[in-house]
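Structure, as C-alpha cells:
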Amino acid sequence: MQVFINDKAFECVHGTTLTEVLESNAILTDNVAIAVDFNVIPRPDWGKTVLQDGCKIIIIKAIQGG
Numbered sequence: 001m002q003v004f005i006n007d008k009a010f011e012c013v014h015g016t017t018l019t020e021v022l023e024s025n026a027i028l029t030d031n032v033a034i035a036v037d038f039n040v041i042p043r044p045d046w047g048k049t050v051l052q053d054g055c056k057i058i059i060i061k062a063i064q065g066g
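Numbering (full-length UniProt numbering), first residue to last: 1 to 66.
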C-alpha cells in the first residue's frame, strides 16, 4: 500500500503502524507533531495507529525562535 508523508509517497505493507513507517524510512521524530489525515496523533498513540492505503501524514517540526 502507499502512504504520503508531507506529500511524498512511501510504500508499506497493510497493518503498518505510524511508528513503523517512520522508523523504516529513517524519519527523525525529535520535536515534531504528526497528523494523519488531518488528525493530530499524540506521540503515545503512534505505535497503535494503523495506517490505511492512501493516508496523508503531515510532519511538522517545532522550532524555537524569538
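Think of the CB as a built atom: it goes at the ideal place given N, C-alpha and C, for glycine as much as any other residue. All of these numbers come straight from a predicted model, not from anything done at the bench.
Relative to the C-alpha of residue i, which residue among the options is closest?
i: P42; options: D7, I60, V3 and M1; result: I60
i: L18; options: A62, I34 and G65; result: I34
i: V40; options: I57, D7, A9 and N6; result: I57
What residues are listed by DSSP as bridge partners for residue i?
i: Q2; result: E11
i: T17; result: V50
i: I34; result: I41 and I59
Could you compute how far the alpha carbon of residue i sits from the alpha carbon of residue j?
i: G47; j: Q64; result: 27 Å
i: C55; j: E23; result: 17 Å
i: Q2; j: T29; result: 20 Å
i: C12; j: A62; result: 26 Å
i: I5; j: F38; result: 12 Å
Going by beta-carbon coordinates alone, are residue i and residue j separated by less than 8 Å?
i: V36; j: T49; result: yes
i: N31; j: F10; result: no
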